[in-house]
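Following: one structure in structure tokens, then a few remarks.
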Amino acid sequence: MEREYPKRKSSTHPDRVGKRRRYKRLLFKNGDMNITQCSVKDRRRRYLADIFTTLIDSKWTYAVLLFVAVFVLSWLIGGLIWLLVAFSRQDTIPEKADSARCVYGVSSFITAFQFSLETQHTIGYGTPRTANSFCPEVVLFVMLQSVVGVLIQAFMTGFIFSKLTLPGKRAGAIMFSREALVTKRDDQMVLLIRVGDMRRSQLMEASIKGTLVRKRITRENEILPLEQFRVDFGASTGRDRLFLPFPAIVEHRIDEKSPFWDISADDLQHEQFELVVALAGVAESTGSTAEARTSYLPSEIRWGYNFERLVTYQKENGRYQIDFNKFNSTRPTPLFPRMSARQMAGLCEANLRLFDAPAAAGSRISAIDETQTVNPEEMDTHL
696 MEREYPKRKS
706 STHPDRVGKR
716 RRYKRLLFKN
726 GDMNITQCSV
736 KDRRRRYLAD
746 IFTTLIDSKW
756 TYAVLLFVAV
766 FVLSWLIGGL
776 IWLLVAFSRQ
786 DTIPEKADSA
796 RCVYGVSSFI
806 TAFQFSLETQ
816 HTIGYGTPRT
826 ANSFCPEVVL
836 FVMLQSVVGV
846 LIQAFMTGFI
856 FSKLTLPGKR
866 AGAIMFSREA
876 LVTKRDDQMV
886 LLIRVGDMRR
896 SQLMEASIKG
906 TLVRKRITRE
916 NEILPLEQFR
926 VDFGASTGRD
936 RLFLPFPAIV
946 EHRIDEKSPF
956 WDISADDLQH
966 EQFELVVALA
976 GVAESTGSTA
986 EARTSYLPSE
996 IRWGYNFERL
1006 VTYQKENGRY
1016 QIDFNKFNST
1026 RPTPLFPRMS
1036 ARQMAGLCEA
1046 NLRLFDAPAA
1056 AGSRISAIDE
1066 TQTVNPEEMD
1076 THL
């Protein structure tokens, strides 16, 4: 069953961006979500259940504080343990012989903290702190603290490395055109968006998808404030797969399955929707998946425009040159109608019926001639 899209009444306002109403958006132009979550049950427990992802998503300020706090806390705990060992073995008594001490040189919390730091990072004790091997608990604590130190270093190194290689950083080099354009290609009304990648390293397996978010009222008068409609950029034909060593223009064909089927140039003045576009791919340098997002409001869709050409061939050096100054440059499409795709299709169908009418009459006359002989006086009667 064909999906029904909400219809809007037409208006007669001009189609420039500056005079349109500005609507609140779900997604900012840079890809950040304009959404706040509240009243989530057991949020902290759910976040702690996936602690590594929670830490990766945290701000760099919290990440650096956590990095320092984990190491300092491990040194403090180790220092307390070594101080307890020294007190339990009475190594803090000055009169005790050095050869009888389990931990030599640990007489206060400061010296115990230094001993813990030196043990955990195996930087060497030097003089005067050292551990004697005739105390079994000392050997055990040295082993445990060394293993714990390696685990902490491995975890924190992976944590910092994961934050440095977040896919969002790679997605920051992907560009979207400031506006989406409605024009005509191959006698078909289309919506165009230009995308590009500024980096020399390729974004492999790049693909683009779109979603239209708008309010819809069902036949039962149920209000769906954020109904989602698919915007196809050629998934069935493979045209949504992009090769991005140079900027590409992706197109959405406005046909019966498109949510823009009933929207005309005048309708854009009071429409309330948001077109969310996402481009995903695998970064060639890191192998991680990166996704860049942006959105377009009705005020950011220009009717009857096309993109300027920005790729030129340089005969002097035999190379192609990409002028990113023209990335958002547009030019008007001559004699482009302001009617919707549905109206254009209906007009074309009416014209076809008009042209087919004389041909049908001629076919009827030929059929009469082939079946029977008609006198000239009877011609008017048959016709």
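The opening position of the sequence shown corresponds to residue 696 in the working numbering, with each subsequent residue numbered one higher.
All C-beta atoms, glycine included, are put in the ideal place defined by N, C-alpha and C.
This one's a predicted model, so the numbers in the text were calculated from it and none came from an experiment.
Residue span of the alpha helix (DSSP H) that contains residue i, given as start and end
i	result
residue 818	Taken as a continuous stretch (DSSP letters only), residue 818 belongs to no alpha helix (DSSP H), as it is neither H nor E.
residue 851	831-859
residue 777	755-783
residue 747	746-751
residue 865	862-866
Span of the beta strand (DSSP E), counted from its first residue to its last, around residue i
i	result
residue 911	898-912
residue 879	875-880
residue 884	883-892
residue 731	Segment: none, residue 731 is in no beta strand (DSSP E) and carries neither H nor E.
residue 947	943-948
residue 1005	Neither: residue 1005 is in no beta strand (DSSP E) and is coded neither H nor E.
residue 1027	1025-1027
residue 969	968-978
residue 1017	1014-1017
residue 998	996-998
residue 870	869-871
residue 932	Unbroken run through residue 932: none, as it is neither H nor E.
residue 918	918-926
residue 989	984-991
Sequence-distant residues of the same chain with beta carbon closer than 6 Å to residue i, five excluded per side
i	result
residue 702	At residue 702, the pLDDT of 48 sits below 50, so the modelled position is not reliable; the number obtained from the coordinates is stated separately. Cβ within range, chain order: 957.
residue 716	Model confidence at residue 716 stands at a pLDDT of 49, short of 50, so the residue's coordinates are unreliable; what they give is reported in the following sentence. So no residue of the chain qualifies.
residue 1036	884, 949 and 956
residue 1031	999
residue 951	none
residue 920	910
residue 918	912
residue 1044	none
Nearest-angstrom Cβ-Cβ length linking residue i and residue j, presumed shorter than 8 Å
i	j	result
residue 969	residue 721	6 Å
residue 901	residue 974	6 Å
residue 979	residue 898	7 Å
residue 801	residue 768	Not confirmed; about 19 Å, so no contact.
residue 811	residue 773	3 Å
residue 943	residue 890	6 Å
residue 807	residue 826	Not quite, the Cβ-Cβ distance comes to about 12 Å (not below 8 Å), so this is no contact.
residue 684	residue 892	Only positions 696 to 1078 of the chain appear in the structure, and residue 684 is not among them; the question remains open.
Cut-off 8 Å between Cβ atoms - residues of its own chain near residue i, not counting five sequence neighbours on either side
i	result
residue 995	712, 873, 874 and 875
residue 1015	941, 1006, 1007, 1008 and 1009
residue 742	749
residue 984	862, 975, 976, 977 and 978
residue 922	908, 909, 910 and 911
residue 1039	884 and 1032
residue 828	834
Beta carbon of residue i nearer than 8 Å to that of residue j
i	j	result
residue 928	residue 945	yes
residue 851	residue 762	yes
residue 971	residue 947	no
residue 1026	residue 1001	yes
residue 765	residue 847	yes
residue 868	residue 986	no
residue 841	residue 814	yes
residue 935	residue 904	yes
residue 879	residue 1028	yes
residue 819	residue 988	no
residue 798	residue 759	no
residue 746	residue 858	no
residue 816	residue 844	yes
residue 860	residue 756	no
Cβ neighbours of residue i in the same chain (closer than 7 Å, five flanking residues each side left out)
i	result
residue 776	836
Neighbour flag for residue i against chain D, beta carbons, 8 Å
i	result
residue 880	The structure shown contains no chain D; it holds only a single protein chain.
Residue i Cβ short of 7 Å to the ligand NAD heavy atom set
i	result
residue 785	What this structure holds is no ligand at all, so the ligand NAD is not there to describe.
Are the region 977-992 and the region 1016-1027 touching, with three or more C-beta to C-beta distances below 8 Å?
no
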